[in-house]
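The listed protein sequences derive, respectively, from chains A and B.
Numbered according to this note's numbering, the first sequence terminates at residue 304, and the numbering increases by one at each position without gaps.
Numbered according to this note's numbering, the second sequence terminates at residue 304, and the numbering increases by one at each position without gaps.
Ideal placement from N, C-alpha and C gives every residue a C-beta, glycine not left out.
Keep in mind it's a predicted model, so treat the numbers as computed, not measured.
Number of protein chains: 2
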Amino acid sequence: MFNGDMEQKRTRAMKKVWDAIEDHGGQTLLSTGITGDDARIAKAVVESGIKLLEPNHPAVALARGHKGVTSMHDAEMIRHEISLQEMAKVTKGVRNTVGEEPFITVGVPGGFTEVIPVVLEEADFHLMSVSGADGLHTHKSNLHDLEELVKVSHKYGLTVDAYIGHPSDLHTFGLPAEMPEDVAHVARQMEDVGVDMIGLMTGMSYEGVAAGDIPNIVKERLHALVSTVKVPTLAEGGINTENVKAFRDTGVHIIVVGTALDDEVKRAAQQVAKQFIHIK
Amino acid sequence: MFNGDMEQKRTRAMKKVWDAIEDHGGQTLLSTGITGDDARIAKAVVESGIKLLEPNHPAVALARGHKGVTSMHDAEMIRHEISLQEMAKVTKGVRNTVGEEPFITVGVPGGFTEVIPVVLEEADFHLMSVSGADGLHTHKSNLHDLEELVKVSHKYGLTVDAYIGHPSDLHTFGLPAEMPEDVAHVARQMEDVGVDMIGLMTGMSYEGVAAGDIPNIVKERLHALVSTVKVPTLAEGGINTENVKAFRDTGVHIIVVGTALDDEVKRAAQQVAKQFIHIK
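Here it is in structure tokens:
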């Protein structure tokens with residue numbers, strides 16, 4: 025009864041993404057971390073040109089000081105304790121302040137490769153969709169699980185962005201694929217099951233401004249992804265202002281930025297605090 | 025059965041405040057806005073020397089995009105819709121990440137001059153106390169209400185910081201007192217009912233870096249407050265790096281900084297976002 029409507033909703037969402045890519049000259053940014061979940065900061069970066077936002081449950085765990093975690097690495101260990109209802113509230117709050125135009129894709133418990141059986145009911149997809157999400161940001165590591173997730177997401181008009189990781193990654197953030205040809209193979213499978221955007225994890229997540237150059241093998245894997253699929257492609261993990269140019273050169277459509285921006289925001293807060301303390 | 029314990033708890037809390045004042049050479053900062061409620065940022069500023077934090081319900085309304093508010097002025101209109109349970113969660117999260125040392129005073133619905141009858145039960149004071157609050161940050165405008173609030177707060181070991189406003193203020197943030205002698209009179213009454221820290225509202229709240237010089241009458245009112253009471257004094261509203269020196273010169277113990285810091289954090293986020301967008 026609403027399949028056609030939801031296909032329209034998803035088509036509109038993907039148009040936002042393609043428009044953002046075009047508006048920014050062929051490559052755009054997806055902003056996560058504090059810019060994805062703090063409505064004050066989300067609004068600020070949207071005003072300066074960001075068109076794609078990504079609230080997610082580990083970043084919310086960090087933002088809320090859940091269990092006292094103070095790093096994204098630790099936040100990944102307890103992210104499943106953030107409720108889907110909380111993520112729906114976060115999404116609604118961000119949507120409320122940034123308006124309809126920005127594309128918002130949301131990481132929810134159950135949408136990543138979780139360590140306990142987090143159940144995602146149809147009602148959960150419905151809730152995320154009515155809360156203002158355009159899509160779900162996922163990190164499943166198994167094609168069958170991903171296919172199921174895509175099916176229900178699409179039913180409720182949600183796009184799905186999903187990722188490819190490396191078997192030796194510290195965090196399991198995607199379907200494993202080691203060599204460029206493996207990446208191409210997995211990417212094709214993901215596209216076949218209906219994934220709307222496919223990303224490659226660099227393996228450098230949460231290294232922020234400390235993350236170094238982009239290794240050749242990452243460039244080759246990213247190139248394999250970009251040259252294989254028709255859907256928008258993403259690169260995520262440790263991208264900063266120093267190494268972003270190398271990522272751009274691979275032709276990837278969307279650069280995901282989180283920790284590098286969080287780091288700068290924290291540094292700014294610290295600078296102002298010190299300034300106030302020292303004015304006598 | 026726990027009155028003595030709770031007096032000890034409150035004494036420890038006030039020691040944190042006096043120690044902060046001494047450590048910073050006679051005057052310290054209380055940091056609110058994003059530094060008070062976002063655990064990531066609270067931790068960052070504590071690491072750079074901030075010792076007093078203030079989460080509050082209007083700032084949380086803004087942070088969460090509640091009803092789509094995008095300014096603190098608008099957030100004040102709907103702040104009572106943020107639940108006390110939410111403020112307890114915020115407090116616990118911040119406490120979790122910053123540890124026991126920083127003094128945390130919390131604005132909760134019912135603790136300000138609310139426009140609907142927000143009921144504060146004893147259980148609410150208990151919850152805030154066990155969630156990690158050292159005190160309650162209040163903006164009552166009536167001495168009798170304040171006295172009641174102080175009594176229950178003290179029972180649960182919570183300090184109370186309360187404020188004096190001007191009758192013509194845009195937001196009602198304290199007991200009204202127009203001339204310096206009125207300020208002295210009201211401050212004495214507040215001290216008599218047991219308020220642990222007394223602040224003066226400048227009437228320039230949320231003007232951020234745009235707030236101008238400090239008018240002479242504000243200096244005189246602040247001087248009246250500082251010279252009348254023995255408890256720590258605060259100045260709040262529109263204090264920025266440009267005008268903070270003038271506030272310091274009044275001898276006030278604690279400078280409250282919120283919007284000026286929020287503005288700089290937002291600016292930093294915007295700068296980084298633009299930088300990423302423009303690197304090709």
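Close-in-space but distant-in-sequence residues of the same chain around residue i (CB under 7 Å, 5 per side omitted)
i         : result
Gly60(B)  : Ala66, Leu77, Glu78, Pro79, Asn80 and Ala83
Val142(B) : His104, Pro133 and Gly134
Pro191(A) : Pro200 and Glu202
Met38(B)  : Thr183 and Asp220
Ala44(A)  : Thr52, Lys75, Leu76 and Phe127
Glu110(A) : Val84
Closest residue to residue i among the options (Cα-Cα distance)
i         : options                                       : result
Ser305(B) : Gly123(B), Lys290(B), Ser72(B) and Pro200(B)  : This structure cannot speak to residue 305(B), because chain B is shown only from 25 to 304.
Ala112(A) : Gly89(B), Asp98(B) and Ile102(B)              : Gly89(B)
Glu205(B) : Asp237(B), Glu172(B), Gly135(B) and Ala248(B) : Ala248(B)
Ser251(B) : Thr283(B), Val276(B), Val289(B) and Gly261(B) : Val276(B)
Val139(A) : Ile74(A), Met101(A) and Glu110(A)             : Met101(A)
Thr56(B)  : Lys75(B), Thr35(B) and Ile45(B)               : Lys75(B)
Glu125(A) : Val70(A), Gly261(A), Lys116(A) and Leu144(A)  : Val70(A)
Gln294(A) : Glu110(B), Val289(B) and Ala157(B)            : Val289(B)
Ile58(B)  : Asp287(B), Asp47(B), Ile301(B) and Arg212(B)  : Asp287(B)
Leu285(A) : Leu285(B), Arg291(B) and Asn27(B)             : Arg291(B)
His302(A) : Ile222(B), Ser153(B) and Asp47(B)             : Asp47(B)
Gln32(B)  : Gly198(B), Asp158(B) and Arg119(B)            : Asp158(B)
Gly117(A) : Ile45(B), Asp43(B), Ile106(B) and Ala44(B)    : Ile106(B)
CB contact flag (residue i, residue j, <8 Å)
i         : j         : result
Thr257(A) : Thr183(A) : no
Met96(A)  : Tyr180(A) : no
Lys243(B) : Thr274(B) : yes
Val174(A) : Val217(A) : yes
Leu108(A) : Leu151(A) : yes
Ala208(B) : Ser72(A)  : no
Thr226(B) : Ile238(B) : yes
Leu224(A) : Tyr187(A) : yes
His168(A) : Asp185(A) : no
Lys304(A) : Gly49(B)  : yes
Met214(A) : Leu170(A) : yes
Val176(A) : Glu146(A) : yes
Phe300(A) : Thr265(B) : yes
Met310(B) : His178(B) : A question about residue 310(B) goes unanswered here, because the residues of chain B that appear run from 25 up to 304.
Helix, strand or coil at residue i [DSSP, three-state]
i         : result
Met225(B) : strand
Ser95(B)  : coil
Val268(B) : helix
Val130(B) : strand
Pro200(A) : strand
Thr252(A) : helix
Met111(A) : helix
Thr121(B) : helix
Arg36(A)  : helix
Ile241(A) : helix
Leu151(B) : helix
Lys290(B) : helix
Lys179(B) : helix
Gly28(B)  : helix
Ala157(A) : coil
Gly60(B)  : helix
Val41(A)  : helix
Ile106(B) : coil
Pro191(A) : coil
Ile301(B) : helix
DSSP bridge partner residues for residue i (one or two, in chain order)
i         : result
Glu260(B) : Met225(B) and Val280(B)
Phe21(A)  : Residue 21(A) lies beyond the range of chain A shown here (25 to 304); nothing can be said about it.
Ala186(B) : Ile222(B)
Ser55(A)  : Leu77(A) and Val281(A)
Other residues of its chain near residue i: CB distance less than 8 Å, five sequence neighbours each side excluded
i         : result
Ile279(B) : Gln51, Thr52, Leu53, Leu54, Leu258, Ala259, Ile263, Val268, Phe271 and Arg272
Ala99(A)  : Pro82, Ala83, Ala85, Leu86, His90 and Val93
Thr196(B) : Thr137, His163, Ser165 and Gly189
Lys148(A) : The sequence as given places Asp at residue 148(A); Lys does not occur at that position. Closer than 8 Å at Cβ, skipping near neighbours: Leu108, Val132 and Gly134.
Thr35(A)  : none
Arg212(B) : Thr252 and Val253
Cβ-based neighbour list, residue i, same chain, cut-off 6 Å, excluding 5 preceding and 5 following
i         : result
Thr121(A) : Ala63 and Lys67
Lys40(B)  : Phe127
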